[in-house]
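Novice: Provided herewith is a single structure, encoded as structure tokens, for subsequent inquiry.
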Amino acid sequence: MTSWSSPTRLLSKALPLFFATSGFLSSALAVEIPPYSGTYNVGATKQVIAINEPDVFAPGNVSTSFLVTLFYPTLKKPDIPGTTPYLTQVTAKQFEEYFQFPNGTLANFTTRVQWDAPFADNILKDEGSDSPTLLFGPGLGGPPCECYTLLLSELASKGFTVAAFDHTYEQPYVLYPNGSEYYGPPLEYAWSTEEALTAIDHRINDTLAFIDVWPKIAKKLGFASTTDRFGPFGHSIGGAAALAFAQLADQSLVPSGINLDGSFWGRLNSSDADVARPSLLLGFEGHASSHFDSSWDKYTDAQTDWWRVIEVNGTLHSDWSDVTFWKELNPLVHPNTGNISSERMVKVETSLVAAFFNWTLWGEDQGELFDEPDLFYPETVLVAGEDGTSEN
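Going by this note's numbering, 1097 is the number at position 265 of the sequence shown; the sequence numbering is gapless.
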């Protein structure tokens, strides 16, 4: 589990959190997680993508498939409160033990996300074009994509189709639709620099494989989603991989990308880091302004196109995932989250991500937001940015 965004320390060992159980969420009561707020309801479906590549994480050192979970707009009305289990039982148990939550704390949460609901058939009429397809990558070794449900379902409720990637044997647990289970290293595993670089390569290869088959999958599922333009983004190493992929792709295919609080590695942590297209870096309070992460300085120095670095005050690295909500399950806050409320964090994060891709994929003018974000969200700070000189 990636708890630190600095390349010099990928993971802190699990800190003992001795929670008092009085006043804590009852482990026997099913409770709905905060619901999405957009125009649409949200559906989800799992797709297994075949691949054949060398993989040091996999048995026999060969990876044969990975999992993509699609979050998308639907008109089907959900049960209220939601009745869909929020997390798989294994993932819930892993994080309950890691954070020393009482048994059932996470396992008993539900969501309004509906598995295999039909795609919203009026998306073209409402939005005037196909639903933009976004590509999301989670942190290294966890949390897996299901632990970003607040972010991903909110984006889907705004009309986006989000493909969320879980690389088997890297994430702590991945469950396929047919019931096959894949376990990776434990959450406390300390990833090496070499393993991190390898993980980025795997994620790039996974993304390429998905893009190749996405037109067929979208047609099979009846999705009115873009198949020729994509918006990659991710948290932690997922953000670094998103922009590494963008750098390699044709700009007509990948016009832009977002890094959510992740350090850069390899080529993007050098003078050769120019991605030559708009990129947005969103970070915790002090990530860039305190020069905590020198890779961000190297990255921004190399850019020739539009870029912005925006920090969100009151946040730390894990606030960019659903851990921002979990921290409120007990007054003793997880050590890698800040004091921002989860409701506000999800609002700010999803609004900035959606606005950026509405601009770069749909052409909607968002200039004022990214020039003076604090006028819209007082928690935000525009640390730096340039409009760029490259010709698109």
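Built from N, CA and C at the ideal position, the CB exists for glycine as well.
Please classify H1034: does DSSP put it in a helix, a strand, or coil?
Specialist: It is helical.
Novice: In or out: T871 buried (at least 16 other Cβ within 10 Å) or exposed?
Specialist: Label assigned to T871: exposed.
Novice: Should N1010 be labelled buried (16 or more other beta-carbon atoms within 10 Å of its own) or exposed?
Specialist: With fewer than 16 other Cβ atoms within 10 Å, it is exposed.
Novice: Along the chain, where does the alpha helix (DSSP H) containing Y930 start, and where does it finish?
Specialist: Here the alpha helix (DSSP H) through Y930 covers 921-930.
Novice: Using only the alpha-carbon positions, how far apart do T1169 and T937 sit?
Specialist: If I take the Cα positions, the gap works out to 18 Å.
Novice: List the residues that DSSP assigns as beta-bridge partners of V874.
Specialist: V874 is bridged to P905.
Novice: Please state if the CB of D1125 and the CB of S1103 are separated by a distance shorter than 7 Å.
Specialist: Taking 7 Å as the Cβ cut-off, S1103 and D1125 do not qualify as a contacting pair.
Novice: Taking the DSSP output, what are the residues bridged to H1067?
Specialist: Beta-bridge pairing links H1067 to L1092.
Novice: Taking the alpha-carbon of A1134 as reference, which of V1144, P1110, H1149, L1114 has the nearest alpha-carbon?
Specialist: Among V1144, P1110, H1149, L1114, the Cα nearest to that of A1134 is on P1110.
Novice: Mapping the DSSP letters down to three states, classify Q1079 as helix, strand or coil.
Specialist: In the structure shown, Q1079 sits in a helix (DSSP, three-state: H, G or I).
Novice: Where DSSP assigns a beta bridge to F1062, which residues make up the other side?
Specialist: Answer is T965, bridged to F1062.
Novice: Name the DSSP bridge partner or partners of Y1015?
Specialist: Y1005, per the DSSP bridge assignment.
Novice: State the beta-bridge partners of Q879 as determined by DSSP.
Specialist: V900.
Novice: What did DSSP end up calling S985 once you bin it into helix, strand or coil?
Specialist: DSSP places S985 in helix when its eight states are reduced to three.
Novice: Between D998, R944, Y868, which has its C-alpha nearest A882's C-alpha?
Specialist: Minimum Cα distance to A882 is reached at D998.
Novice: Going by other Cβ atoms of all chains shown within 10 Å of its Cβ, with 16 needed for buried, is D820 buried or exposed?
Specialist: Shown here, the chain extends from 833 to 1224; a query on residue 820 therefore has no answer.
Novice: Shortest alpha-carbon distance to I776 belongs to which of K1179, V874, A952?
Specialist: Here the chain comprises residues numbered 833 to 1224, so residue 776 is not present and cannot be evaluated.
Novice: Cα separation between G969 and A1078?
Specialist: Approximately 13 Å, taken between the alpha carbons.
Novice: Is the beta carbon of D1154 sitting closer than 7 Å to the one on A1056?
Specialist: Not in contact: D1154 and A1056 (Cβ atoms no closer than 7 Å).
Novice: For a test of the three-state rule: what should DSSP assign to F1116, helix, strand or coil?
Specialist: F1116: strand per DSSP, three-state reduction.
Novice: Consult DSSP for S1127 and reduce its assignment to one of helix, strand or coil.
Specialist: Helix, per DSSP.
Novice: What span of residues does the beta strand (DSSP E) with F941 cover, start to end?
Specialist: Element bounds for F941: 941-943.
Novice: Given a cut-off of 7 Å, decide if V900 and F1042 are closer than it, judged by their beta-carbon atoms.
Specialist: Yes.
Novice: Give the DSSP-derived three-state secondary structure of Y997 in the structure shown.
Specialist: This sequence places Phe at residue 997; Tyr is not what is there. Strand.
Novice: With DSSP run on the structure shown, which of helix, strand or coil describes W1138?
Specialist: Note: W1138 maps to coil in three-state DSSP.
Novice: Give a yes or no on whether the C-beta atoms belonging to G1054 and F951 are separated by under 7 Å.
Specialist: Cβ distance < 7 Å, so G1054 and F951 count as in contact.
Novice: Quick one: residues in its chain with C-beta nearer than 7 Å to the C-beta of P917, no 5 flanking neighbours on either side, listed in chain order?
Specialist: Correct list, in chain order: T942.
Novice: How would you call E1026, buried or exposed, if buried means at least 16 neighbouring beta carbons within 10 angstroms?
Specialist: Classification of E1026: exposed, given that the 10 Å Cβ count is below 16.
Novice: State the beta-bridge partners of L1214 as determined by DSSP.
Specialist: Bridge partners of L1214: I1142.
Novice: With distances taken between CB atoms, is the gap from T1058 to T965 smaller than 7 Å?
Specialist: Yes, these two residues count as a Cβ contact at 7 Å.
Novice: Taking the alpha-carbon of H1067 as reference, which of A1081, G1089, N940 has the nearest alpha-carbon?
Specialist: Comparing Cα-Cα distances from H1067 to each of A1081, G1089, N940, the minimum goes to G1089.
Novice: Mind reading off the beta-carbon distance from W1139 to E1020? Whole number of angstroms is fine, and I expect it under 8 Å.
Specialist: So it is not a contact: roughly 35 Å between Cβ atoms.
Novice: Drop a sphere of 10 angstroms on the beta-carbon of Q946, count the other beta-carbons inside from all chains shown, and report buried for 16 or more, exposed for fewer.
Specialist: Looking at its Cβ environment, which holds 16 or more other Cβ atoms inside 10 Å, Q946 is buried.
Novice: Looking at the secondary structure, which residues open and close the alpha helix (DSSP H) in which A1187 lies?
Specialist: Unbroken alpha helix (DSSP H) run through A1187: 1174-1194.
Novice: Run through DSSP, which three-state label would P867 get?
Specialist: Looking at P867 - three-state DSSP - the assignment turns out to be coil, as it is neither helix nor strand.
Novice: Can you tell me whether DSSP reads E1027 as helix, strand or coil?
Specialist: Three-state result, E1027: helix.
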